[in-house]
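Worksheet: the structure to be examined is printed underneath.
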Amino acid sequence: MTTTHYAEPSGRMQRGFNDLVRWLSARGIGLAGARTLTVVGRKSGTPQTTPVNPLVIDGRTYLISPRGNTQWSRNLRVAGVATIGHGRRTDEFRATEIADDAKIALLRPYLKRWGWEVASYLPAKVSHTSTDAELAAVAPAVPVFELLSVGGGAR
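Here the sequence shown is numbered in my numbering, starting from 37 and rising by one per residue.
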(Lines of atoms letter the chains of each structure in order from A and count residues from 1; the text may use other names and numbers.)
(Lines give C-alpha, C1' and ligand atoms only; values in the text may rest on other atoms or scores of the structure.)
Protein backbone atom coordinates (compact mmCIF):
# COMPACT_ATOMS: atom_id res chain seq x y z
CA MET A 1 0.00 0.00 0.00
CA THR A 2 3.00 2.32 0.21
CA THR A 3 3.24 4.58 -2.82
CA THR A 4 5.61 7.18 -4.13
CA HIS A 5 2.89 9.72 -5.07
CA TYR A 6 3.23 12.89 -2.99
CA ALA A 7 1.74 16.24 -3.99
CA GLU A 8 3.71 18.42 -1.59
CA PRO A 9 2.09 21.75 -0.65
CA SER A 10 3.73 24.27 -2.91
CA GLY A 11 3.85 28.01 -2.75
CA ARG A 12 2.98 30.43 -0.01
CA MET A 13 -0.75 30.19 -0.73
CA GLN A 14 -1.06 26.44 -0.05
CA ARG A 15 1.26 26.51 2.97
CA GLY A 16 -0.53 29.59 4.30
CA PHE A 17 -3.93 27.94 3.85
CA ASN A 18 -2.74 24.85 5.77
CA ASP A 19 -1.39 27.09 8.55
CA LEU A 20 -4.71 28.98 8.71
CA VAL A 21 -6.78 25.78 8.86
CA ARG A 22 -4.48 24.37 11.56
CA TRP A 23 -4.76 27.62 13.58
CA LEU A 24 -8.56 27.74 13.26
CA SER A 25 -8.95 24.07 14.21
CA ALA A 26 -6.77 24.55 17.30
CA ARG A 27 -9.29 27.21 18.37
CA GLY A 28 -12.33 25.03 17.75
CA ILE A 29 -13.25 26.44 14.35
CA GLY A 30 -13.33 23.58 11.85
CA LEU A 31 -13.26 24.93 8.31
CA ALA A 32 -15.44 22.45 6.37
CA GLY A 33 -14.96 19.86 9.14
CA ALA A 34 -11.18 20.15 9.33
CA ARG A 35 -9.41 18.88 12.42
CA THR A 36 -5.80 18.83 13.58
CA LEU A 37 -3.89 15.56 13.40
CA THR A 38 -0.94 15.16 15.77
CA VAL A 39 1.37 12.21 15.24
CA VAL A 40 4.91 11.55 16.45
CA GLY A 41 7.49 12.03 13.71
CA ARG A 42 9.11 8.79 12.63
CA LYS A 43 12.57 10.42 12.43
CA SER A 44 12.39 13.35 14.85
CA GLY A 45 10.36 11.67 17.58
CA THR A 46 8.57 14.99 18.14
CA PRO A 47 4.83 15.62 17.67
CA GLN A 48 3.95 16.88 14.18
CA THR A 49 0.61 18.55 13.42
CA THR A 50 -1.29 19.01 10.19
CA PRO A 51 -4.88 19.77 9.20
CA VAL A 52 -6.93 16.77 8.04
CA ASN A 53 -10.52 16.06 7.02
CA PRO A 54 -11.73 13.03 8.99
CA LEU A 55 -14.46 11.09 7.19
CA VAL A 56 -17.10 9.41 9.35
CA ILE A 57 -19.15 6.65 7.73
CA ASP A 58 -21.49 4.44 9.74
CA GLY A 59 -19.84 5.58 12.99
CA ARG A 60 -16.35 4.67 11.76
CA THR A 61 -13.66 7.34 11.31
CA TYR A 62 -11.22 7.38 8.40
CA LEU A 63 -8.31 9.58 7.36
CA ILE A 64 -7.58 9.87 3.66
CA SER A 65 -4.39 11.39 2.31
CA PRO A 66 -5.31 12.88 -1.08
CA ARG A 67 -1.78 14.25 -1.47
CA GLY A 68 -0.47 10.67 -1.39
CA ASN A 69 2.38 9.37 0.71
CA THR A 70 2.66 12.51 2.85
CA GLN A 71 4.79 13.03 5.92
CA TRP A 72 1.76 12.57 8.18
CA SER A 73 0.73 9.32 6.47
CA ARG A 74 4.27 7.91 6.74
CA ASN A 75 4.46 8.99 10.39
CA LEU A 76 1.06 7.44 11.16
CA ARG A 77 2.04 4.22 9.42
CA VAL A 78 5.08 3.95 11.73
CA ALA A 79 3.60 5.32 14.97
CA GLY A 80 0.25 3.53 14.70
CA VAL A 81 -1.41 6.05 17.02
CA ALA A 82 -2.31 9.73 16.78
CA THR A 83 -4.60 12.35 18.21
CA ILE A 84 -7.24 14.33 16.39
CA GLY A 85 -7.95 17.71 17.89
CA HIS A 86 -10.58 20.37 17.58
CA GLY A 87 -10.24 23.26 19.96
CA ARG A 88 -9.51 21.97 23.45
CA ARG A 89 -10.86 18.51 22.69
CA THR A 90 -8.45 15.80 21.57
CA ASP A 91 -9.16 12.14 20.96
CA GLU A 92 -6.51 9.44 20.71
CA PHE A 93 -6.78 6.84 17.98
CA ARG A 94 -5.07 3.69 16.82
CA ALA A 95 -4.68 3.62 13.03
CA THR A 96 -5.11 0.67 10.70
CA GLU A 97 -4.28 1.09 7.01
CA ILE A 98 -7.03 0.10 4.59
CA ALA A 99 -6.40 -2.27 1.66
CA ASP A 100 -6.59 -0.78 -1.85
CA ASP A 101 -9.72 -2.71 -2.86
CA ALA A 102 -11.66 -1.32 0.14
CA LYS A 103 -10.73 2.31 -0.62
CA ILE A 104 -13.27 2.87 -3.41
CA ALA A 105 -16.20 2.86 -0.99
CA LEU A 106 -14.40 5.55 1.04
CA LEU A 107 -12.96 7.69 -1.75
CA ARG A 108 -16.38 8.37 -3.31
CA PRO A 109 -17.98 10.01 -0.22
CA TYR A 110 -14.70 11.75 0.62
CA LEU A 111 -14.57 13.32 -2.83
CA LYS A 112 -18.25 14.21 -2.67
CA ARG A 113 -17.64 16.17 0.53
CA TRP A 114 -14.13 17.58 -0.04
CA GLY A 115 -13.46 17.15 -3.75
CA TRP A 116 -13.58 20.92 -4.28
CA GLU A 117 -10.59 21.19 -1.94
CA VAL A 118 -8.54 18.05 -2.58
CA ALA A 119 -9.23 16.66 -6.07
CA SER A 120 -6.29 18.51 -7.63
CA TYR A 121 -3.86 16.69 -5.30
CA LEU A 122 -4.77 13.21 -6.57
CA PRO A 123 -2.53 11.50 -9.14
CA ALA A 124 -5.35 11.46 -11.73
CA LYS A 125 -8.50 13.47 -12.35
CA VAL A 126 -11.32 11.76 -10.43
CA SER A 127 -14.44 12.88 -8.62
CA HIS A 128 -17.30 11.36 -6.66
CA THR A 129 -18.98 10.59 -10.01
CA SER A 130 -15.99 8.64 -11.33
CA THR A 131 -16.42 4.96 -12.11
CA ASP A 132 -15.24 2.27 -9.71
CA ALA A 133 -12.44 1.47 -12.18
CA GLU A 134 -11.23 5.09 -12.20
CA LEU A 135 -11.23 5.23 -8.39
CA ALA A 136 -9.50 1.84 -8.22
CA ALA A 137 -6.75 3.21 -10.47
CA VAL A 138 -5.87 5.98 -7.97
CA ALA A 139 -6.47 3.92 -4.81
CA PRO A 140 -2.90 2.55 -4.49
CA ALA A 141 -1.54 6.13 -4.46
CA VAL A 142 -3.91 7.34 -1.73
CA PRO A 143 -3.20 6.12 1.82
CA VAL A 144 -6.37 5.52 3.84
CA PHE A 145 -6.49 4.73 7.56
CA GLU A 146 -9.32 3.65 9.81
CA LEU A 147 -9.07 5.27 13.22
CA LEU A 148 -10.17 3.27 16.25
CA SER A 149 -10.59 5.13 19.50
CA VAL A 150 -8.01 4.09 22.07
CA GLY A 151 -10.80 4.45 24.65
CA GLY A 152 -12.82 1.77 22.79
CA GLY A 153 -14.87 1.72 19.57
CA ALA A 154 -14.63 3.92 16.51
CA ARG A 155 -15.44 7.61 16.62
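Think of the CB as a built atom: it goes at the ideal place given N, C-alpha and C, for glycine as much as any other residue. Model, not experiment: these values are computed from the prediction.
For D137, there is no enclosing beta strand (DSSP E); the enclosing alpha helix (DSSP H) covers residues D136 to V154. Judged by their CB atoms, V180 and K139 are nearer to each other than the 8 Å cut-off. In the three-state reduction of the DSSP assignment, S109 falls in the helix class.
In the DSSP assignment, the residues bridged to A131 are L183. Taking 8 Å as the cut-off, the Cβ atoms of D136 and P176 count as close. Counted as a single uninterrupted DSSP element, the beta strand (DSSP E) harbouring A118 occupies residues V117 to H122.
Counting C-beta atoms within 10 angstroms of its own C-beta, S109 has 16 or more neighbours from the protein chains shown and is therefore classed as buried. Leaving aside the five residues that flank P145 on each side, the residues in its chain whose CB is nearer than 8 Å to its CB run, in chain order, L91, I93 and H164. Nearest in C-alpha terms to T74, of all of G104, G187, R48 and G116, is G116. Using a Cβ distance threshold of 8 Å, T132 and E182 count as a contacting pair. If the five residues before and after E170 are omitted, its C-beta is found closer than 6 Å to the C-beta atoms of V162, all from its own chain and listed in chain order. Bridge partners of T72 according to DSSP: P87 and G121. For L99, the enclosing beta strand (DSSP E) stretches over residues R96 to I100. Approximately 7 Å separates the beta-carbon atoms of N111 and V76; this is inside 8 Å, confirming the contact.
Taking G187 as the centre and dropping the five residues before and after it, the same chain places no C-beta closer than 6 Å to its C-beta.
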